[in-house]
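Sequences listed follow chains C and P, in order.
If you're matching positions, the first sequence starts at 2 in our numbering and goes up one per residue.
If you're matching positions, the second sequence starts at 2 in our numbering and goes up one per residue.
The structure appears below as structure tokens.
Protein chains: 2
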Amino acid sequence: MSSADITVWQLYTRPMGRWEPGAGDRLREAALALYLERGFEQTMVVEIADRAGVTARTFFRYFADKREVLFDKAAEMAEKSSAALEAAPASASTLEVVAAALDAAADLIGSDRELARQRHAVITANAELRERELSKLAHMSAALADGLRRRGIDDVEATLAAETGAAVYRVAFQRWVDAADDLDLRDAIRQSFDRLRTLTAPG
Amino acid sequence: MSSADITVWQLYTRPMGRWEPGAGDRLREAALALYLERGFEQTMVVEIADRAGVTARTFFRYFADKREVLFDKAAEMAEKSSAALEAAPASASTLEVVAAALDAAADLIGSDRELARQRHAVITANAELRERELSKLAHMSAALADGLRRRGIDDVEATLAAETGAAVYRVAFQRWVDAADDLDLRDAIRQSFDRLRTLTAPG
DNA sequence: CCGAGTGATGTCAGCTGATGACATCAGCCT
DNA sequence: AGGCTGATGTCATCAGCTGACATCACTCGG
């Protein structure tokens with residue numbers, strides 16, 4: 002790294018240690034900012050790394066690929082919702098359990114809609130990122146299905162319930178992001194579930 | 002291309018024309034065979050091209066990327082199911098229309114289970130390919146939702162019905178591929194729909 | 001207080017996927 | 001015959017990604 006590449010944090014906030022801590026967070030912030038400014042494809046990994054004050058090699062030590070920098074918190078979401086599913090009362094119906102899991106997921110990202118909007122704008126603008134998002138949601142769905150099976154629900158019903166839950170979440174999230182008023186994400190999920198029941202009800 | 006790279010078809014079946022026709026099909030076959038033999042990541046594009054008797058540059062003229070060679074027929078599936086949706090009687094309920102669309106899709110791939118199994122084995126073995134498959138299914142779901150909206154169904158219900166249909170299809174396809182007996186894909190879809198109705202029914 | 005060990009990072013070399021620019025040439029059309 | 005077209009080959013180049021190894025501030029036991 003040449004001296005011309007020294008960034009602001011290096012000049013002003015170098016308290017101790019050989020490197021500034023929090024490289025992962027700096028990379029996440031830098032990536033989101035650049036993806037917003039210039040688009041995902043037009044942003045090179047070395048540029049993200051430069052803005053974060055590290056090398057491209059370090060980027061790939063934190064994130065498996067250029068997309069993952071926007072998604073690595075999704076694992077946490079899957080864990081929390083699985084835990085909520087585990088904690089649901091035994092008396093709850095399959096869909097009630099799924100609803101509880103989605104509520105827990107909503108708690109995690111429902112608090113900062115502006116951040117969610119930025120992320121969503123970047124992701125919807127690029128096919129590779131849309132693919133990765135689908136993949137993460139599918140992973141969450143698979144985790145939920147596993148949890149349901151552990152509750153003794155048979156395989157087909159578990160898979161179907163989890164996939165349906167994912168569909169409900171997708172619809173609710175979209176509505177929440179698009180909403181002009183201050184809609185609560187959990188309310189959107191509940192309403193989405195109600196629509197599903199209407200849809201599949203006879204008549 | 003050196004003479005050492007000349008493949009069998011070039012030696013024996015060169016009837017006329019500068020190049021053997023059907024390069025796209027040859028590339029599809031070569032790719033599936035190699036992905037099965039050695040795995041997706043371990044197969045290089047140049048190897049697929051060699052087996053098909055073309056160069057890697059030609060591979061990328063037929064397919065946008067290394068994954069797409071397994072998926073470019075999915076567009077046809079989306080078209081056929083959209084057409085079936087269009088053709089459904091006006092009296093049909095939302096879910097009945099979706100079911101008709103899925104039936105049309107099933108017609109396209111339900112006839113060759115062995116091919117479907119090979120493709121499925123390759124795809125499930127690799128994360129990038131699973132991502133792409135989700136992406137294709139999402140594309141089909143979006144097309145179905147569009148068709149439903151054109152029928153006057155409101156946005157949320159259309160999206161929800163299409164996503165639910167995709168979930169039903171996913172479950173049915175998995176069961177069909179795993180089945181030991183000669184299950185019909187369309188029957189599997191119908192049964193999957195029945196399970197959904199049971200699931201969302203009160204009680 | 002010193003020397004070995006640790007861990008995060010840098011440096012370097014290299015492979016593979018992917019793309020643009022241009023050349024080639026069989027077959028077709030006039 | 002001669003030019004046009006379209007599919008393909010050739011070449012150069014870049015960006016994503018990875019393995020191997022070096023570096024060096026910090027830590028900890030002696």
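Idealized CB from N, CA, C, for every residue including glycine.
Predicted model, so just to flag it, every value in this text is computed and none were measured.
- Note on geometry: alpha-carbon atoms of VAL178(P) and MET45(P) lie some 28 Å from one another.
- By the neighbour-count definition (other C-beta atoms within 10 Å, threshold 16), GLU42(C) is an exposed residue.
- For MET141(P), the enclosing alpha helix (DSSP H) starts and ends at 128-151.
- Secondary structure note for TRP177(P): its alpha helix (DSSP H) is the uninterrupted segment 156-179.
- Contact note: ARG152(P) does not reach chain C at a C-beta cutoff of 7 Å; the least C-beta distance is about 14 Å.
- For SER92(C), no Cβ of chain P is located within less than 7 Å of the residue's own Cβ.
- Chain-order list of chain C residues neighbouring LEU197(P): LEU161, THR165 and THR201, by C-beta distance under 8 Å.
- Counting only the Cα atoms, PHE61(C) lies some 26 Å from ARG118(C).
- Residue-level contact by beta carbon fails for SER112(P) and chain C, as no gap is shorter than 7 Å.
- Using a 10 angstroms sphere on the CB of ALA202(C), the tally of other CB atoms stays under 16, which defines it as exposed.
- Annotation: the continuous alpha helix (DSSP H) that includes LEU116(P) extends over 114-125.
- Under the 7 Å criterion on CB atoms, ALA102(P) is classed as non-interfacial with respect to chain C.
- No Cβ of chain P is located within less than 7 Å of the beta carbon of VAL99(C).
- LEU145(C) and ARG58(P) have their C-alpha atoms some 43 Å from each other.
- Contact between the stretch 168-178 of chain P and the stretch 102-122 of chain P is present: 3 or more CB-CB pairs across the two stretches fall below 8 Å.
- Not one beta carbon of chain C lies nearer than 7 Å to the beta carbon of LEU149(P).
- From the beta-carbon of THR95(C), the residues of chain P found nearer than 9 Å are LEU200.
- If you draw a straight line from the Cα of ARG39(P) to the Cα of ALA93(C), it is about 46 Å long.
- Nearest to ALA101(P) by alpha-carbon distance, out of ALA84(P), ILE49(P) and ARG198(P), is ALA84(P).
- When secondary structure is reduced to three states using DSSP, ALA76(C) falls in the helix class.
- Taken through DSSP and simplified to helix, strand or coil, ALA93(P) comes out as coil.
- The beta carbons of ALA53(C) and SER82(C) sit no closer together than 7 Å.
- For VAL169(C), the closest C-alpha among the options VAL172(P), THR165(P) and TYR170(P) is that of THR165(P).
- Taking one beta carbon from each stretch, the stretch 186-202 of chain P and the stretch 138-158 of chain C have 3 or more pairs nearer than 8 Å; the two touch.
- Relative to ALA122(P), the option among LEU103(P), GLU77(P), PHE174(P) and SER112(P) whose CA is nearest is PHE174(P).
- Interface flag for VAL172(C) against chain P is set, since a Cβ pair is found closer than 7 Å.
- In this structure, LEU96(P) and LEU186(C) do not form a Cβ contact; the two beta carbons are roughly 27 Å apart against a cut-off of 8 Å.
- VAL123(P) has a beta carbon lying at 7 Å or more from every beta carbon in chain C.
- Measuring C-alpha to C-alpha distances from ALA143(P) to each of GLY25(P), VAL172(P) and ALA167(P) identifies ALA167(P) as the nearest.
- Setting aside the 5 residues that flank it on each side, ARG29(C) is surrounded in the same chain by VAL70, each with a C-beta closer than 7 Å to its C-beta; the list follows chain order.
- Here the C-alpha atom of ARG27(C) lies approximately 14 Å from the C-alpha atom of ASP73(C).
- Under a criterion of Cβ atoms nearer than 7 Å, the residues of chain P adjacent to ALA168(C) are, in order, LEU161, GLU164, THR165 and ALA168.
- Within chain C, no C-beta atom comes less than 8 Å from the C-beta of SER82(P); the nearest is roughly 17 Å away.
- Under the 7 Å criterion on CB atoms, ALA75(P) is classed as non-interfacial with respect to chain C.
- Note on geometry: alpha-carbon atoms of GLY23(C) and ALA126(C) lie some 28 Å from one another.
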